[in-house]
Every structure is written in structure tokens, then in C-alpha cells.
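Note that this note's numbering numbers the sequence shown so that position 274 is 274, with each residue one more than the last.
Backbone N, C-alpha and C define an ideal beta-carbon position, used for all residues, glycine too.
Take a look at the structure set out below.
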Amino acid sequence: MKKITISAPGKLMLFGEHAVVYNRPCIVTAVDQRMFMTIEQMPQKTFRLDAEDVFVMTYEKPMRLLGTGDLPKAVSFVEQAVKNFHEKYPMKFGVKVTTKSDFSAGFGFGSSSASTVCAIEGLARLNEVNLSKKEIFDLSYKTILAIQGSGSGFDVAAALYGGTLYFVTGGKVIQPMTIDDIPFFVGYTGFKADTPTIVKEVAERASKDPDLYKKIYDEIEQIVNSSLEAFLKRDWKKVGFLMNMNQKLLEKIGVSSAKLSAMIQAAQNAGAYGAKLSGAGVGDCMIAIAPPEKYQAIETAVTKIGGQVIHVQPNVAGVRKEI
Ligand code: MEV
Numbered sequence: 001m002k003k004i005t006i007s008a009p010g011k012l013m014l015f016g017e018h019a020v021v022y023n024r025p026c027i028v029t030a031v032d033q034r035m036f037m038t039i040e041q042m043p044q045k046t047f048r049l050d051a052e053d054v055f056v057m058t059y060e061k062p063m064r065l066l067g068t069g070d071l072p073k074a075v076s077f078v079e080q081a082v083k084n085f086h087e088k089y090p091m092k093f094g095v096k097v098t099t100k101s102d103f104s105a106g107f108g109f110g111s112s113s114a115s116t117v118c119a120i121e122g123l124a125r126l127n128e129v130n131l132s133k134k135e136i137f138d139l140s141y142k143t144i145l146a147i148q149g150s151g152s153g154f155d156v157a158a159a160l161y162g163g164t165l166y167f168v169t170g171g172k173v174i175q176p177m178t179i180d181d182i183p184f185f186v187g188y189t190g191f192k193a194d195t196p197t198i199v200k201e202v203a204e205r206a207s208k209d210p211d212l213y214k215k216i217y218d219e220i221e222q223i224v225n226s227s228l229e230a231f232l233k234r235d236w237k238k239v240g241f242l243m244n245m246n247q248k249l250l251e252k253i254g255v256s257s258a259k260l261s262a263m264i265q266a267a268q269n270a271g272a273y274g275a276k277l278s279g280a281g282v283g284d285c286m287i288a289i290a291p292p293e294k295y296q297a298i299e300t301a302v303t304k305i306g307g308q309v310i311h312v313q314p315n316v317a318g319v320r321k322e323i
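Have a look at this one:
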């Protein structure tokens with residue numbers, strides 16, 4: 001029986017969250033916290049999952065029942081990915097999936113998208129089905145939508161392509177950016193944000209004032225496009241300035257929080273070029289762009305108000321075969 005181990009990175013949103021759900025661009029970078037997944041063929045036609053990090057051990061069901069019943073959240077993305085792959089490319093065998101991740105699901109670094117991409121890429125390789133990157137993206141994105149109901153797919157693209165990407169909703173544009181380093185700082189609020197809930201709340205508010213939200217998303221689009229240029233020129237002061245502008249618009253759509261705003265302000269006051277929340281908002285992380293000599297002062301300021309510093313490297317490789 002064949003076996004393969006695949007890994008895929010988590011992600012951090014740099015610009016354009018929320019607007020990217022509505023046909024606008026964003027900029028995302030893949031970070032060095034990876035999901036590792038081993039997939040083994042099994043003679044009996046069953047799906048089995050061992051995911052110790054999320055306390056799932058020996059979860060098992062017949063392949064024909066994939067996706068049925070109430071799926072525990074921790075298994076749902078992998079099970080749905082196997083289901084979607086199996087429907088399109090029927091497998092003669094069952095599969096045993098074992099996951100192990102570098103990152104805490106709490107930080108919002110995208111463990112669901114990383115595990116979905118690992119599953120689709122791993123199954124394609126294991127079954128010798130030759131899929132293009134875009135085909136893997138489409139099948140993975142379909143999986144995410146089936147479970148979450150919403151999402152732009154930017155996290156799937158980051159897990160798959162790696163690096164830093166200029167991305168438009170649903171993968172309409174997936175453009176790798178040539179950047180080697182990004183002088184950034186990441187702080188965690190201590191609260192886990194539930195992205196689908198926050199996206200839904202924003203949609204509800206937008207439905208009451210569609211013109212205002214359209215205007216805000218258009219402005220975010222312009223900021224993202226300007227930041228693409230600034231990134232490519234390595235004009236970090238400009239990137240920081242644009243982050244501050246993006247943050248103001250995120251506050252207008254109601255996705256910042258007292259803790260996020262305090263951490264962002266602390267970073268700005270301690271010498272960052274700019275700072276903003278990253279991802280869905282409400283909880284999760286903030287990021288700042290800063291000259292490296294200011295990192296220590298920013299770390300002290302953010303920690304002092306209860307933020308947790310997270311050391312991650314941006315711009316890392318996308319999904320790959322490990323063994
Ligand atoms: C969440 O990390 C980012 C959002 O834009 C949702 C999405 O793009 O799928 C809020």
C-alpha cells in the first residue's frame with residue numbers, strides 16, 4: 001500500500017481582508033508554520049483520521065458515507081476534501097490520514113486551508129492524477145466553501161503557491177510577488193476569531209448601507225494596488241502608511257476591537273511605520289511594518305498591554321512533498 005507525506009504553510013493577510021470577499025484584491029504571505037499530513041492507502045474502503053493536535057484519534061467511517069452526518073469541526077475539512085477528490089477521481093482504496101501541525105489553530109494562521117490543500121495535493125500524487133495548480137486550487141476552494149459557506153480562497157492560494165501573492169476573489173488572479181523579506185512584526189490578541197461569523201456580520205451591516213460598504217471596499221482596493229507597488233519597491237515607509245489607512249477602513253466596517261486597536265496603537269507609538277489587524281479581525285492577530293531596530297521597543301509595548309508576540313517568517317514555500 002502506498003503512502004505519502006505532504007506539508008503546506010499557514011498564511012498571514014497583509015492587505016485587503018473583507019474587501020477580498022467581494023471581488024477585490026488582497027495581499028497575503030505564506031508563513032513558516034506548516035501542516036504536515038501523511039496519507040496511506042488502506043485495503044478496506046474506509047476513511048480514517050488521526051489528528052492529535054486537535055484531539056481527534058481514530059476517527060473512522062466507510063468511504064461511501066464521507067461528508068454525511070454531523071462532522072466534528074476538526075475533521076470536516078479533511079473529510080470533505082477526501083470526499084470531493086473521491087467523487088471526481090474515484091479511488092479503489094480507503095485512506096488513512098494523519099496530521100501534525102506546527103501551529104496553534106488559535107492564531108488564525110489557516111490550519112483548515114493548509115490541511116485541505118495537503119489532502120487534495122496528497123491524494124492527487126498518491127493516485128497519480130496529474131492536476132495543475134489551478135485544478136488543485138479549485139478543488140480545495142470548493143471544499144472550503146462546502147464547509148464554511150463563504151471565503152475568498154486567499155488562504156488556499158497561500159497554502160498552495162506559497163510566497164507572497166496578489167490575489168483576487170476565488171482565484172481570478174493569483175500573482176506571485178518577488179519579495180524576499182518583509183520587515184514585519186506579528187502580535188496575537190489572545191482571542192480566536194471565527195471568520196465565517198465575522199464575514200456574516202459584516203455582510204449584515206453592509207446590507208443596511210450598501211453604498212457606504214461599496215465605497216469602503218473600493219478604497220481598500222486602491223490601497224491594495226498601491227501597496228503592491230510599494231512592496232515591489234521595498235518602500236516600507238509607504239507600506240506602513242498604507243497599513244494605517246487600511247486599518248481605518250477596517251475600523252469603519254466594525255471588525256477591529258479594543259484590544260486590536262490598543263496593540264496597533266502601541267506598535268505605532270513604539271516606532272512602527274504602520275500597523276493593522278490581519279485576517280477577519282475582532283480577535284486573532286495584528287501586524288506592523290517597522291524598521292528592525294524598533295522591533296524590541298514594539299515587542300515591549302505590545303506585550304505590556306497583554307499582546308503575545310509571534311515569531312514567524314513570511315514568504316515561505318507552498319505545498320510540497322516531504323517523503
Ligand atoms: C479572513 O482571514 C479574511 C477574510 O477576508 C475572509 C476571506 O477572505 O476568506 C475576512
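Just the C-alpha distance for residue i and residue j, rounded to the nearest angstrom, thanks.
i           : j           : result
residue 49  : residue 78  : 8 Å
residue 322 : residue 204 : 43 Å
residue 292 : residue 62  : 53 Å
residue 32  : residue 179 : 15 Å
residue 173 : residue 166 : 7 Å
residue 300 : residue 254 : 27 Å
residue 94  : residue 156 : 25 Å
residue 100 : residue 192 : 20 Å
residue 45  : residue 92  : 8 Å
residue 324 : residue 35  : The structure shown does not extend to residue 324, since the chain is modelled only from 1 to 323, so the question has no answer here.
residue 324 : residue 56  : No answer is possible for residue 324: it lies beyond the span of the chain, which begins at 1 and ends at 323.
residue 295 : residue 277 : 17 Å
residue 24  : residue 129 : 33 Å
residue 64  : residue 85  : 13 Å
residue 310 : residue 103 : 11 Å
residue 68  : residue 237 : 51 Å
residue 154 : residue 279 : 11 Å
residue 96  : residue 82  : 11 Å
residue 289 : residue 60  : 45 Å
Check this for me: beta carbons of residue i and residue j, under 8 Å apart or not?
i           : j           : result
residue 365 : residue 117 : A query on residue 365 cannot be resolved here, the shown segment of the chain reaching from 1 to 323 and no further.
residue 139 : residue 39  : no
residue 110 : residue 11  : yes
residue 2   : residue 41  : yes
residue 286 : residue 190 : no
residue 258 : residue 305 : no
residue 162 : residue 54  : no
residue 302 : residue 274 : no
residue 282 : residue 198 : yes
residue 264 : residue 245 : no
residue 227 : residue 15  : yes
residue 18  : residue 212 : no
Quiz item: Using the beta carbon as the reference atom, which residues fall closer than 6 Å to any heavy atom of ligand 1, ordered along the chain?
Solution: 13, 17, 18, 20, 21, 151, 152, 154, 195, 199, 279 and 280
Quiz item: Can you list the alpha helix (DSSP H) stretches of 4 or more residues lying completely in the region 197-274, in chain order?
Solution: 210-232, 236-252 and 258-269
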